[in-house]
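Below is one structure, written out as structure tokens; comments come after it.
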């Protein structure tokens, strides 16, 4: 190397910041390995979501902030609708059609609703459907039709779904009567009437079976002329 100060200054000016292998290794690490480690950490954080990290534990050996009891309750709530059996009072008051509409039908048949569904108070949309009759409209509501899923078997009875159908149809121009439960004494009265008719028929059948058979009528006597002719031929 030349001892010329001008030469040394020029050589140092053209020399990079890395002057030894250690600095080279550090530069490689921070240029490649550190960004990769940061990316992996970010991906791990996103995948883990909001779950607590680490192994912090509470008094009941659960992850801090999420107890085992809380997780059991959440799981039970998710499974409740799948395996639960709801017992309803058969004599409870029926929900009004408007209440059922607001609870179950307004999302599609309200305003603005969804395209293709007849909306409440839209007589033009309900007109062609009213001619099908209440029974057909109720069947479509209970079993589903087109994009509308079945509405039966949910929180309301079929009769209450029918009330909602009548509420919407009448708002569109129909005059359907509001369906009600059958009277409590209607079915027993019909049964009693059929039982009475059966009881009346039974004694009649027994009487006809017990009546003796009528005696056979006696044979008619032979004519006298025929008897005389027979005797004359025998004397000859």
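Numbering (the working numbering), first residue to last: 13 to 248.
No residue lacks a Cβ here, since even glycine has one placed at the ideal position from N, Cα and C.
For residue 176, the enclosing alpha helix (DSSP H) stretches over residues 170-183. Exclusion of the five residues before and after residue 170 leaves 154, 164 as the residues of its chain whose Cβ lies within less than 7 Å of its Cβ. For residue 120, the enclosing alpha helix (DSSP H) has its first and last residue at 118-121. Counting the other CB atoms within 10 Å of its CB gives residue 176 a total of 16 or more, which places it among the buried residues. Residue burial is scored here from C-beta neighbours: residue 36 has fewer than 16 other C-beta atoms within 10 angstroms and is therefore classed as exposed. Of all C-beta pairs linking the segment 106-116 to the segment 176-189, three or more are shorter than 8 Å, placing the two stretches in contact.
In this structure residue 127 is exposed. Its beta-carbon is surrounded by fewer than 16 other beta-carbon atoms within 10 angstroms.
If you look at residue 140, you'll find it in the alpha helix (DSSP H) that goes 135-142. Within the same chain, Cβ atoms closer than 6 Å to the Cβ of residue 172 are found at 106, 107, 112, the five residues on either side in sequence being excluded.
Around residue 149, the same chain offers 141, 177, 181 as residues with beta carbons nearer than 7 Å, after the five sequence neighbours per side are excluded. Looking at the DSSP output, residue 155 bridges to nothing. A Cβ-Cβ contact shorter than 8 Å links residue 185 with residue 135. Rounded to whole angstroms, the separation of the alpha carbons of residue 139 and residue 145 is 11 Å. CA-to-CA, the gap between residue 52 and residue 162 works out to about 47 Å. Take residue 143, set aside five residues on each side of it, and no residue of its chain has a beta-carbon closer than 6 Å to its own.
Apart from sequence neighbours up to five positions away, no residue of its chain approaches residue 187 with a beta-carbon distance below 8 Å.
Counting other Cβ atoms within 10 Å of its Cβ, residue 168 reaches 16 or more and is therefore classed as buried.
At a Cβ-Cβ threshold of 8 Å, residue 39 and residue 30 count as neighbours. Cα atoms of residue 133 and residue 56: separation of roughly 54 Å, rounded to the nearest angstrom. Rounded to whole angstroms, the separation of the alpha carbons of residue 183 and residue 89 is 38 Å. For residue 111, the enclosing alpha helix (DSSP H) starts and ends at 109-112. Cα atoms of residue 166 and residue 46: separation of roughly 57 Å, rounded to the nearest angstrom.
Burial check for residue 158: the Cβ neighbour count within 10 Å stays below 16, so the residue is exposed.
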